[in-house]
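To keep things clear, I will list the structure first and then write my remarks on it.
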Ligand code: ZN
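Residue numbers (our numbering): 306 to 442.
If you want it as structure tokens, here you go:
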């Protein structure tokens with residue numbers, strides 16, 4: 306078994322309330338409190354799914370990357386996030402193997418570091434790699 310785990314699947318939506326009515330109120334997932342991330346111009350909500358989560362993402366401005374994605378491709382699956390024990394090492398391994406990263410350096414937010422791998426390198430899937438930095442050692 307590898308030490309990599311599914312952390313979340315992210316879905317781009319046009320309407321967070323409507324998405325929460327489906328995923329939470331009707332399907333029965335729990336969670337779903339909405340957070341605004343002004344730095345990325347998105348509003349997000351996480352729903353619990355066993356050890357993993359579903360992240361709903363709605364653009365908060367019309368010129369954000371996610372807004373452009375939504376305009377071009379419509380709502381749907383946006384990225385897959387895997388939790389890795391050592392993000393720097395994974396990024397280096399991928400870079401050394403010639404794969405294309407969107408973030409060469411990890412970004413940091415609220416107890417986690419993360420970086421995106423280009424879909425070109427991951428079979429057409431936008432891949433987020435994530436490392437907890439508040440984990441007990
Ligand atoms: Zn994500």
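By construction, the Cβ of each residue, glycine as well, lies at the ideal position given by its N, Cα and C atoms.
Every value quoted in this text rests on a predicted model; they were computed, and no experiment measured them.
Proximity below 7 Å, CB of residue 365 to CB of residue 348: yes
Helix, strand or coil at residue 337 [DSSP, three-state]: strand
Span separating the alpha-carbon of residue 351 from that of residue 401: 33 Å
Inter-residue spacing [alpha-carbon to alpha-carbon] between residue 306 and residue 367: Distance between the alpha carbons of residue 306 and residue 367: 42 Å.
Nearest candidate by alpha-carbon position, reference residue 385, set 376, 398 and 422: 422
Rounded separation between residue 399 and residue 405 - CA only: 8 Å
Residue 413 beta carbon near the ligand ZN (any heavy atom closer than 6 Å): no
Simplified DSSP assignment, three categories, for residue 380: If DSSP states are grouped into helix, strand and coil, residue 380 belongs with coil.
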